[in-house]
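Residue numbers (our numbering): 528 to 813.
The block underneath contains the structure these notes are about, expressed in structure tokens.
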């Protein structure tokens, strides 16, 4: 039995589907008693990882835990102690490739992710552990640009030449499943990236080619983009950290393409073009 926190989020759903396909028994933790969209065959457990006292029953009979950094608040260590007491022997923590950056350069932190705490708690838990230091997700581009592309042929965003090796979330889910189902990755901090570094402008060109449309990238000042994000409901500290991260890595090297996905899965990592081809609906096709 594998317990998955963050089960109802995009990555959690991909991971659960992968684990079920591998024949594993999966228990999805949710604060809701009726979460929507979970695959058939998954067991539902109601609990709140940020309140470890609600979690013992979630771990009954379980052997492994997927620890999502947005779920536990300030209670990572206590949560893993409860898991260990209930017989869990392994934890796979989702973390981030930039966890050693200053917090003001970590946008995800301002939306609730506690990447560093997840990794550190896993390492200190006494359980067999793996940390998945994931790079930026390919799916972030749909959130950033999908509405603009559905509405027209111009993508207005910041820093045309900012580049990074975005990671297909499906590859991350497969690596996580491998870590949960085997001991091959025990005791490792895996730096997970996509197979190529692309600029914002190059990513838009990939989308254009897949759609068969003449998209154009128009660079806007960071202040204008940050203000637009906040106006659309995103936290101001998050928008500020995102702009700071872009500015920092325009002047400093990004984490390089690591090839870890290829090594773990024994096949090439999916490209950004692969991701776009399978998610054209996010940009208005189909």
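Think of the CB as a built atom: it goes at the ideal place given N, C-alpha and C, for glycine as much as any other residue.
All figures in this text were calculated on a predicted structure; none of them were measured in a lab.
Point to revise | For residue 570: DSSP bridge partner residues | key: On the chain shown, residue 570 is found 43 positions in, with the first residue counted as 1. The partner list for residue 570 (beta bridge, DSSP) reads 554.
Review point. What is the DSSP secondary structure of residue 633, reduced to helix, strand or coil?
Key: Working through the chain shown from its first residue, we reach residue 633 at position 106. Assigned with DSSP and collapsed to three states, residue 633 falls in coil, not helix or strand.
Review point. Looking only at C-alpha atoms, which of 780, 779, 574 sits nearest to residue 865?
Key: This structure does not reach residue 865, given that the chain is present from 528 up to 813, and the question cannot be answered.
Check your understanding: Which of the three DSSP states, helix, strand or coil, is assigned to residue 543?
Key -> The residue you call residue 543 lines up with position 16 of the chain shown. Reduced to three states, the DSSP call for residue 543 is helix.
Exercise for review: Report the three-state DSSP secondary structure of residue 589 (helix, strand or coil).
Suggested key: Your numbering for residue 589 matches position 62 in the chain shown. In the structure shown, residue 589 sits in coil (DSSP, three-state: anything other than H, G, I, E or B).
Practice item. Measure the alpha-carbon distance for residue 637 versus residue 776 and round it to whole angstroms. Key: Residue numbering aside, residue 637 sits at position 110 when the chain shown is read from its first letter. Residue numbering aside, residue 776 sits at position 249 when the chain shown is read from its first letter. So the two alpha carbons sit approximately 19 Å from each other.
Review point. Can you name, in chain order, every residue of its own chain whose Cβ lies under 7 Å from the Cβ of residue 660, other than the five neighbours on each side?
Key: Residue mapping note: residue 660 aligns to position 133 of the chain shown, counting from 1. Once the five neighbours on either side are set aside, the close Cβ partners of residue 660 are 622, 623, 624, 626, 716, 717, 718, 719.
**Study point:** Member of 799, 658, 723, 585 whose CA lies at the smallest distance from the CA of residue 705
**Key:** Translated into the one-based positions of the chain shown, residue 705 becomes position 178. When each option's Cα is compared against that of residue 705, the closest is 658.
Practice item. Could you give the DSSP three-state label for residue 812: helix, strand or coil? Key: Reading the chain shown from its first residue, position 285 is the one you call residue 812. Coil, per DSSP.
Exercise for review: Could you name the residues of the same chain whose beta carbon sits closer than 7 Å to that of residue 630, not counting the 5 residues immediately before and after it, in chain order?
Suggested key: Taking the first residue of the chain shown as 1, we reach residue 630 at position 103. If we look at residue 630 and ignore the five residues flanking it on each side, its Cβ neighbours are 636.
Exercise for review: May I ask you to report which of helix, strand or coil DSSP gives residue 665?
Suggested key: As a first step, residue 665 must be located in the chain shown, where it is residue number 138. In the three-state scheme derived from DSSP, where H, G and I count as helix and E and B as strand, residue 665 is classed as coil.
Exercise for review: Pull up the distance between the alpha-carbon of residue 685 and that of residue 722, whole angstroms please.
Suggested key: Translated into the one-based positions of the chain shown, residue 685 becomes position 158. Translated into the one-based positions of the chain shown, residue 722 becomes position 195. Spanning the two alpha carbons is a distance of roughly 23 Å.
Review point. Whole-angstrom Cβ separation of residue 725 and residue 810, contact assumed at under 8 Å?
Key: Walking along the chain shown from the start, residue 725 turns up at place 198. Walking along the chain shown from the start, residue 810 turns up at place 283. Between residue 810 and residue 725 the Cβ distance is about 16 Å, and since that is not below 8 Å, they are no contact.
Point to revise | Exposure label - residue 692; buried when at least 16 CB within 10 Å | key: Locating residue 692 in the chain shown gives position 165, counting from the first residue. Buried.
Review point. Cβ atoms of residue 565 and residue 617: under 7 Å apart, would you say?
Key: The residue given as residue 617 occupies position 90 in the chain shown. The residue given as residue 565 occupies position 38 in the chain shown. The answer is no: Cβ separation not under 7 Å.
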